[in-house]
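One structure below.
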Amino acid sequence: MTTPYDWSRGEIAVVGLGRSGTSATMLLRRLGAKVYASDAGNGAAVSAQRETLQSLGAEVELGGHDLARIARASLVVVSPGVPPGAPPLVSARAAGVVVISEVELALAVLPGLRYIAVTGTNGKTTVTALIAHLLRSVGVEAESAGNIGTPLSELALRRTLPAWVALELSSFQLHDTPSIAPRVGVLTNLAPDHLDRYESVDAYYADKALLFRHATDASQWIVNADDAAVMAMVRDVPGTTFRFSASGRLCDAFLGGKGKRHLIVHDEMLMTREELPLLGAHNVGNALASVLAVLTADPAHESLDDLARLAAGLRSFRAPAHRLEPVVEQHGVLWIDDSKATNVASAKVAIESMTRPTILLLGGRHKGEPYTALLDGIAAHCRIVLAFGEAAPIIESDLAGRAAVQRIEGTFADVMRRAHELARPGDAVLLAPACSSYDMFANYEERGRAFAAAAKGDG
993 MTTPYDWSRG EIAVVGLGRS GTSATMLLRR LGAKVYASDA GNGAAVSAQR
1043 ETLQSLGAEV ELGGHDLARI ARASLVVVSP GVPPGAPPLV SARAAGVVVI
1093 SEVELALAVL PGLRYIAVTG TNGKTTVTAL IAHLLRSVGV EAESAGNIGT
1143 PLSELALRRT LPAWVALELS SFQLHDTPSI APRVGVLTNL APDHLDRYES
1193 VDAYYADKAL LFRHATDASQ WIVNADDAAV MAMVRDVPGT TFRFSASGRL
1243 CDAFLGGKGK RHLIVHDEML MTREELPLLG AHNVGNALAS VLAVLTADPA
1293 HESLDDLARL AAGLRSFRAP AHRLEPVVEQ HGVLWIDDSK ATNVASAKVA
1343 IESMTRPTIL LLGGRHKGEP YTALLDGIAA HCRIVLAFGE AAPIIESDLA
1393 GRAAVQRIEG TFADVMRRAH ELARPGDAVL LAPACSSYDM FANYEERGRA
1443 FAAAAKGDG
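Numbering (the numbering used here), first residue to last: 993 to 1451.
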């Protein structure tokens, strides 16, 4: 097997032992590499992996990292949850050690992989899941991988591969994936995010632009015509660009027809807006982008029969958990979990999707963005904002005098109790926190599950 890397030289360090790091370690051991794997945590989740990885011949350290050992490594493979400024990565780069993502490792092992790469600030998980779902709806074996949850190296460990992979890529993964060269690339949108980890918006956008680092005249891109930052980024990118629009712009895929209520792709009406079972105008764009990606991957799917199958696939799709997910309606109140709205831009989209008077749960760990961008949506859709977590004082200050805000001290259970007290028949209660979850929870999924349990009266 020819790859850009020599797995037999020296010792390879794997930093971070979540699902990605575990899969990467297993793949490296299969390749015959000597591996030192470490994780700053030592909880039950990573401890359960230690015995398995040690049985495969890897050396595993939990509760910290041997920085000197990592600095001597021949290569470092980093899990997506490890921030770029983490001490092991700083030590590696200072010593001149090449740092690659778990995705880059898998791509090196799978040189013939056919994949559609998806990135953007918001919507990328939904689009990735939807692309895989639509490919399967037209009879193509496909799976989703990457930042969506299934590491690409986990697929590389399997005996057989799917015909296509829909691959979600975060900005951090793109930063350390130098060989990225998808058959089709999708850029959903751009908005400020991760300013707690990036020095500027420009630095964050620069990592997103790495999707196009190997663009050629043969490349194919799916981009959001409604997003000025996206269109500026792709203006001079080589290849063929296909555009989608949820605002009615005439594009390769757009919302048009009578009353702008039809999803139209390559001049064919696919379905009506009412048939799409996803909340929010942004999900119209996600659906259009996904259909375009499937058609671009193989134009054979533009037959009338396959277009009908794609429409049926859209009708049967359900949004991934914690993304504008209605979890329960009881006593006339609809509880909606958008815990994945971890930045202001995604929370803004969620708020503007509401069709009922809304109690908004806003808070968590601040990520560096002002919350003033939410004021118009709050004024139009929200009865009250419950500010919680570490960011509560900042939220309260940003919205003061311009929105009804209650600052809730204490636990997330206290926040949910207050939401129950305030909710009236006909209301929606929306968790769209615009913050990370790390002040109260291990991740946004745990936060979403806590919201759902309390909404149902189970927690």
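Where is the CB? At the ideal position from N, CA and C, for every residue including glycine.
Values in this document were obtained by computation on a predicted structure and should not be read as measured data.
Limits of the beta strand (DSSP E) - the one that residue i falls within
i     : result
V1407 : Where V1407 is concerned, there is no enclosing beta strand (DSSP E), although the alpha helix (DSSP H) it sits in stretches over 1404-1414.
A1245 : 1245-1248
G1355 : 1350-1355
V1074 : Unbroken run through V1074: none, as it is neither H nor E.
K1026 : 1026-1031
A1420 : 1420-1423
V1157 : 1156-1160
A1426 : Looking at the DSSP string, A1426 is not in any beta strand (DSSP E), and its letter there is neither H nor E.
E1053 : 1051-1054
S1093 : 1091-1093
D1218 : Careful: D1218 lies outside any beta strand (DSSP E) and carries neither H nor E.
V1325 : 1325-1329
Residue i: first and last residue of the uninterrupted alpha helix (DSSP H) it sits in
i     : result
S1163 : 1163-1167
Y1436 : 1436-1447
D1368 : 1367-1373
E1344 : 1336-1344
A1279 : 1273-1289
E1003 : Run containing E1003: none in the alpha helix (DSSP H); it sits in the beta strand (DSSP E), 1003-1007.
D1194 : 1193-1200
Residue i vs residue j beta-carbon contact at 7 Å
i     : j     : result
G1231 : A1198 : no
R1021 : A1065 : no
A1444 : V1319 : yes
T1180 : V1119 : yes
G1138 : L1159 : yes
F1236 : L1271 : no
S1192 : T1334 : no
A1155 : V1176 : no
L1080 : I1092 : Reading off the sequence shown, one finds Pro at residue 1080, where the question assumed Leu. Contact: no.
S1282 : L1126 : yes
T1524 : A1420 : Since the displayed the chain opens at 993 and closes at 1451, residue 1524 lies outside it and no answer follows.
F1380 : A1442 : no
H1314 : G1141 : no
I1108 : A1279 : no
G1356 : A1384 : no
A1269 : T1117 : A small correction: the amino acid at residue 1269 is Pro; Ala does not occupy that position in the sequence shown. For P1269 and T1117, no; Cβs fall outside 7 Å.
For residue i, three-class secondary structure by DSSP
i     : result
Y1107 : strand
F1380 : strand
E1260 : strand
P1318 : strand
E1135 : strand
M993  : Since pLDDT at M993 reaches only 43, below the 50 mark, its modelled position is unreliable, and the value read off the structure follows with that caveat. It is coil, neither helix nor strand.
R1175 : coil
R1151 : coil
I1140 : coil
F1234 : strand
D1188 : coil
R1399 : strand
Euclidean distance between Cα positions of residue i and residue j
i     : j     : result
V1397 : E1388 : 7 Å
L1054 : R1150 : 27 Å
G1251 : A1304 : 22 Å
S1345 : V1090 : 44 Å
F1204 : I1400 : 44 Å
V1276 : A1217 : 13 Å
V1336 : L1187 : 11 Å
A1424 : A1339 : 5 Å
T1169 : T1111 : 13 Å
L1182 : R1375 : 29 Å
M993  : S1211 : Interpretation of M993 is limited by its pLDDT of 43, a score under 50 that renders its predicted location unreliable; no figure is taken from the coordinates.
D1329 : W999  : 43 Å
H1258 : A1245 : 6 Å
- Is the stretch 1065-1078 touching the stretch 1040-1048, taking contact as three or more C-beta pairs under 8 Å? The stretch 1065-1078 vs the stretch 1040-1048: no contact.
Is it the case that the stretch 1027-1035 contacts the stretch 999-1014, given that we only count it when at least three CB pairs across the two stretches are under 8 Å? Judged by Cβ distances under 8 Å, the stretch 999-1014 makes contact with the stretch 1027-1035, as three or more pairs qualify.
Would you say the stretch 1294-1304 touches the stretch 1258-1273, given that touching needs at least three Cβ pairs under 8 Å? The stretch 1294-1304, when compared against the stretch 1258-1273, does touch it at the 8 Å Cβ threshold.
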